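Everything on this sheet refers to the single structure shown next.
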Amino acid sequence: MRALLVGIGGAGCRIVETLNSHDERSQVKSVRSFVFDADTEVIHSMKSLEVKRRVVLSPSDPTMKDYSCGDDFDLTSISDCFQEEGVSEVDAIFVCAGLGGRMADLVPRFMEQLENAFPDPVFTILTLPFRSEGAKVSARAAEQLEAIRQMGSASIIFDNETWAGRIETEAAASAAELNAEGVPKPLTRRQTSDLYDELNEMLARRVGLLLRAGEVTHNGVESAEVVLDAGEVLNTLTGMDIVSIGYATEKLPTNISGMFKKMFVEKYMLDEGHKRTSRIIDLAKQAVYEEVSVPCDLTSAEKALVLIAGPSEELSMKGFHMVRKWIDNSIRGLEMRAGDYPVKSTKYVGVIIVLAGIQNVPRVAELEEIYDSYHTEVEKIYGFEEIEEEIPLISIASDDSIFEPGEVLPPGEYLNVLPETIYEDDIEEDMTEYEYTEDDDLFEEVVQEIRKPAPQVEYVWEPAPAPAPAPAPKQPRKRDPQISLGGAKRAERPLSSNIALPKREKHEDMVLSGMADLGRKDMPKDS
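Quick look at the structure:
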């Protein structure tokens with residue numbers, strides 16, 4: 059199958075790099091790989107990919123310092139990155155990402171752009187987070203998985219928690235074993251390498267062999283008895299929701315006793331035939347119950363695919379048909395596909411079983427429960443429920459409920475009509491008040507444009523006016539005392555700074571005026 063691999067984020071980039079290295083070692087070279095991330099260190103560490111296939115995402119708002127989610131990045135020119143020669147000749151597109159990280163939010167947007175740019179189906183390869191990463195990461199992973207499932211495409215799920223436990227168990231068992239001298243066995247590459255590298259390696263083995271099914275090279279691949287081409291794989295994945303891949307291998311024995319057994323041809327062929335059949339059946343059971351990418355219920359699968367790979371002389375067609383019949387009778391659906399992939403340049407026999415459209419996945423149900431409990435606790439901490447119950451939401455009344463029809467202009471339109479009779483002084487005053495501007499670049503005549511005044515603050519209730527201060531009490535008016543001088547009564551004095559003097563009656567002096575009769579009246583009378 060010719061596939062286009064798109065890695066998003068740190069986990070997705072490492073998955074694509076591992077799948078690309080597997081494809082180069084197999085000499086099939088059927089994949090085209092591209093990686094996208096906002097971290098420049100991750101992009102520069104992808105040494106196995108060409109520089110033009112490593113893209114650093116730019117933020118939509120360069121002024122932001124913290125990008126908490128993937129929606130903060132610009133994806134307008136992503137489709138231009140896939141204009142390379144040979145990219146358009148693919149059979150399917152696989153978007154790889156690790157759920158729980160911020161970059162996994164971009165997966166639905168990438169899928170939408172890829173579906174618009176290519177006519178080929180778009181699938182996803184997703185990894186589930188560890189429980190030790192916390193409830194917040196698990197809740198985010200459940201939310202991201204739900205958004206991806208709404209796209210209606212198949213998602214190959216790989217559970218890191220399940221496989222990390224298996225790696226630790228195998229490492230502990232290997233360290234406890236002793237060799238013939240009683241010395242502990244040295245640690246192998248699996249125990250000393252990074253955990254994430256081992257997980258990506260296990261995922262690449264399952265997906266890589268499935269992508270190489272049906273591809274032919276000049277050396278190393280033989281003709282298959284039951285051909286399984288890319289169309290069979292795509293028909294198994296198309297329209298399915300969650301997909302799980304089981305993969306089990308066994309190394310072929312290479313002992314000298316086999317050479318002596320070949321001398322007895324009949325007995326050798328009979329014994330070897332039983333061994334090959336039982337080997338295929340045992341590997342199929344191991345792939346379904348133990349080596350599956352995410353634990354699931356076999357009986358809830360809608361479609362299934364069986365692929366056996368290895369040297370052609372070691373592939374038992376009897377065991378192949380028995381496994382095919384067993385899977386066909388176990389799944390819920392009716393679509394069952396199978397084929398073989400003979401490879402002569404290998405010492406292993408492997409069985410791959412793809413279960414598509416599975417309904418019962420305990421790990422996915424666990425993430426959904428964590429999502430519900432996490433958001434319930436967050437609402438309790440911040441009191442969202444109490445606020446919604448106690449405080450009603452009040453909305454501002456619309457203009458239609460206040461004004462009559464025709465009194466309110468439509469949104470975006472403003473009154474731009476001046477009175478017919480207006481003087482120049484009024485125009486200058488209005489231009490100052492409403493900030494008129496002259497636009498003489500477009501028209502010969504002067505056009506007056508009214509700028510929208512600054513919006514005023516609207517209140518749900520009108521603010522109450524401040525109470526007026528109470529008037530000061532009036533003091534009683536004082537009256538001056540009545541003073542009598544020389545028998546004259548003094549008039550009432552007004553309240554002023556000028557003091558009025560009392561008026562005296564005018565008496566004319568008769569002596570001084572010469573009108574007195576001094577000789578007659580002043581003389582004594584005769585007796």
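Numbered by the numbering used here, the letters in the sequence shown go through residues 59 to 585 in order.
Even for Gly, the Cβ is constructed at its ideal location relative to N, Cα and C.
In this text the structure is predicted, and so the values were computed from the model without any measurement.
Where DSSP assigns a beta bridge to R90, which residues make up the other side?
-> Taking the first residue of the sequence shown as 1, we reach residue 90 at position 32. Secondary-structure assignment with DSSP links R90 through a beta bridge to L62.
Buried or exposed: where does K361 fall if 16 or more other Cβ atoms within 10 Å of its Cβ makes it buried?
-> Here the question's residue 361 lines up with position 303 in the sequence shown. Buried, because 16 or more other Cβ atoms sit within 10 Å of the Cβ of K361.
Does DSSP put M104 in a helix, in a strand, or in coil?
-> Here residue 104 is taken as the residue at index 46 of the sequence shown, counted from 1. Of the three classes helix, strand and coil, the one that applies to M104 here is coil, per DSSP.
To the nearest angstrom, how far is it from the Cα of V407 to the Cα of L203?
-> Position 349 of the sequence shown, counting from 1, holds the residue named residue 407. Position 145 of the sequence shown, counting from 1, holds the residue named residue 203. Take the alpha-carbon of V407 and the one of L203: they are about 34 Å apart.
Counting only the same chain and skipping the five closest in sequence on each side, list residues whose C-beta sits under 7 Å from that of A205.
-> Here residue 205 corresponds to residue number 147 of the sequence shown, with the count starting at 1. Contacts found: P166.
Measure the Cβ-Cβ separation of D178 and V148 and say whether it is below 8 Å.
-> Indexing the sequence shown from 1 puts residue 178 at position 120. Indexing the sequence shown from 1 puts residue 148 at position 90. Cβ atoms of D178 and V148: closer than 8 Å.
C-alpha distance - L268 paired with E191, whole-angstrom precision | On the sequence shown, residue 268 is found 210 positions in, with the first residue counted as 1. On the sequence shown, residue 191 is found 133 positions in, with the first residue counted as 1. Using only the alpha carbons, I get a separation of about 31 Å.
Could you have a look at R390 and say whether DSSP puts it in helix, strand or coil?
-> As a first step, residue 390 is located in the sequence shown; it is residue number 332 there, counting from the start. Correct three-state label for R390: coil.
Contacts around S84, its chain only, beta-carbon distance under 7 Å, and the 5 residues preceding and following it disregarded = As a first step, residue 84 is located in the sequence shown; it is residue number 26 there, counting from the start. Once the five neighbours on either side are set aside, the close Cβ partners of S84 are R270.
S431 classed as buried or exposed, judged by whether at least 16 other C-beta atoms fall within 10 angstroms = The count along the sequence shown starts at 1 and reaches residue 431 at position 373. By the 10 Å Cβ count, S431 comes out exposed.
Output yes or no for whether 8 Å exceeds the beta carbon distance between I385 and V301.
-> Taking the sequence shown and counting its residues from 1, one reaches residue 385 at position 327. Taking the sequence shown and counting its residues from 1, one reaches residue 301 at position 243. Contact flag unset, no.
Would you tell me roughly how many angstroms separate the C-alpha atoms of G391 and V412, rounded to the nearest one?
-> Residue mapping note: residue 391 aligns to position 333 of the sequence shown, counting from 1. Residue mapping note: residue 412 aligns to position 354 of the sequence shown, counting from 1. About 13 Å.
Across which residues does DSSP place K361 in a beta bridge pair?
-> Locating residue 361 in the sequence shown gives position 303, where the first residue counts as 1. Answer is E393 and A414, bridged to K361.
Does DSSP put F168 in a helix, a strand or coil?
-> By one-based count along the sequence shown, residue 168 stands at place 110. Of the three classes helix, strand and coil, the one that applies to F168 here is helix, per DSSP.
Smallest Cα separation from S91: which of R72, F216, E99 and T98?
-> Taking the sequence shown and counting its residues from 1, one reaches residue 91 at position 33. The option with the nearest alpha carbon to S91 is R72.
Which class does P420 belong to by DSSP, given the choice of helix, strand or coil?
-> If you number the sequence shown from 1, residue 420 lands on position 362. Helix, per DSSP.
Considering only the beta carbon of each residue, do G77 and F94 sit closer than 8 Å?
-> Start at 1 with the first residue of the sequence shown, and residue 77 comes out as number 19. Start at 1 with the first residue of the sequence shown, and residue 94 comes out as number 36. The question names Gly, but residue 77 in the sequence shown is Leu. 8 Å or more divides the Cβ of L77 from the Cβ of F94.
Assuming L363 and T294 form a contact by the criterion Cβ under 8 Å, report the distance between their Cβ atoms to the nearest whole angstrom.
-> Residue mapping note: residue 363 aligns to position 305 of the sequence shown, counting from 1. Residue mapping note: residue 294 aligns to position 236 of the sequence shown, counting from 1. Confirmed, Cβ separation roughly 5 Å.
Is the beta carbon of A197 less than 8 Å from the beta carbon of H433?
-> Working through the sequence shown from its first residue, we reach residue 197 at position 139. Working through the sequence shown from its first residue, we reach residue 433 at position 375. Less than 8 Å separates the beta-carbon of A197 from that of H433.
Assign I66 to one of two classes, buried (16 or more other C-beta atoms within 10 Å of its C-beta) or exposed (fewer than that).
-> Taking the sequence shown and counting its residues from 1, one reaches residue 66 at position 8. Buried, because 16 or more other Cβ atoms sit within 10 Å of the Cβ of I66.
Assign C154 to one of three DSSP states: helix, strand, or coil.
-> One-based indexing of the sequence shown puts residue 154 at position 96. If DSSP states are grouped into helix, strand and coil, C154 belongs with the strands.
In three-state DSSP terms, what is L500?
-> The residue labelled residue 500 in the question sits at position 442 within the sequence shown. Because the pLDDT of L500 is 45, which lies under 50, any placement of that residue in the model is unreliable, and the number read from its coordinates should be weighed accordingly. In this structure, DSSP gives L500 a state outside helix and strand, which the three-state scheme calls coil.
Whose CA, out of F140, L286 and E173, lies closest to the CA of R395?
-> The count along the sequence shown starts at 1 and reaches residue 395 at position 337. Out of F140, L286 and E173, L286 has the C-alpha closest to the C-alpha of R395.
Would you give the residue range spanned by the beta strand (DSSP E) that K309 belongs to?
-> Translated into positions along the sequence shown, residue 309 becomes position 251. K309 -> beta strand (DSSP E) spans I300 to K309.
What do you reckon, are the CB atoms on F188 and A222 nearer than 8 Å?
-> Counted from its first residue, the sequence shown places residue 188 at position 130. Counted from its first residue, the sequence shown places residue 222 at position 164. Between F188 and A222, the C-beta spacing is below 8 Å.
Return the CA-CA distance between D97 and S79, expressed in angstroms with no decimal places.
-> Residue mapping note: residue 97 aligns to position 39 of the sequence shown, counting from 1. Residue mapping note: residue 79 aligns to position 21 of the sequence shown, counting from 1. Taking the CA atoms as reference points, D97 sits about 22 Å from S79.
DSSP-derived helix/strand/coil call for G192 = Within the sequence shown, the letter at position 134 stands for residue 192. Coil.
Applying the criterion that 16 or more other CB atoms from any shown protein chain within 10 Å of the CB defines a buried residue, is D217 buried or exposed?
-> Translated into the one-based positions of the sequence shown, residue 217 becomes position 159. The residue in question, D217, is buried, as its Cβ has 16 or more Cβ neighbours within 10 Å.
Out of A367, E427 and V422, state which residue places its alpha-carbon closest to the alpha-carbon of K405.
-> The residue given as residue 405 occupies position 347 in the sequence shown. Residue A367 is the option with its Cα nearest to K405.
So what does DSSP say about V285, is it helix, strand or coil?
-> Within the sequence shown, the letter at position 227 stands for residue 285. In the structure shown, V285 sits in coil (DSSP, three-state: anything other than H, G, I, E or B).
Can you tell me the Cα-Cα spacing of T307 and V74, whole angstroms?
-> By one-based count along the sequence shown, residue 307 stands at place 249. By one-based count along the sequence shown, residue 74 stands at place 16. Cα to Cα, T307 sits roughly 23 Å from V74.
Taking one C-beta from the segment 326-345 and one from the segment 156-173 each time, how about it: are there three or more such pairs within less than 8 Å?
-> no
T182, DSSP secondary structure in three states | Along the sequence shown, read from residue 1 onward, the residue named residue 182 stands at position 124. Reduced to three states, the DSSP call for T182 is strand.
By how many angstroms is the C-alpha of L157 removed from the C-alpha of V42?
-> The requested residue 42 does not occur in the structure, where the chain is confined to residues 59 to 585.
For the beta strand (DSSP E) holding V109, just list the boundary residues, first then last.
-> For this step, residue 109 is matched to residue 51 along the sequence shown. Neither: V109 is in no beta strand (DSSP E) and is coded neither H nor E.
Have a look at G68 and T335 and give me their C-alpha separation to the nearest angstrom.
-> Start at 1 with the first residue of the sequence shown, and residue 68 comes out as number 10. Start at 1 with the first residue of the sequence shown, and residue 335 comes out as number 277. Approximately 42 Å, taken between the alpha carbons.
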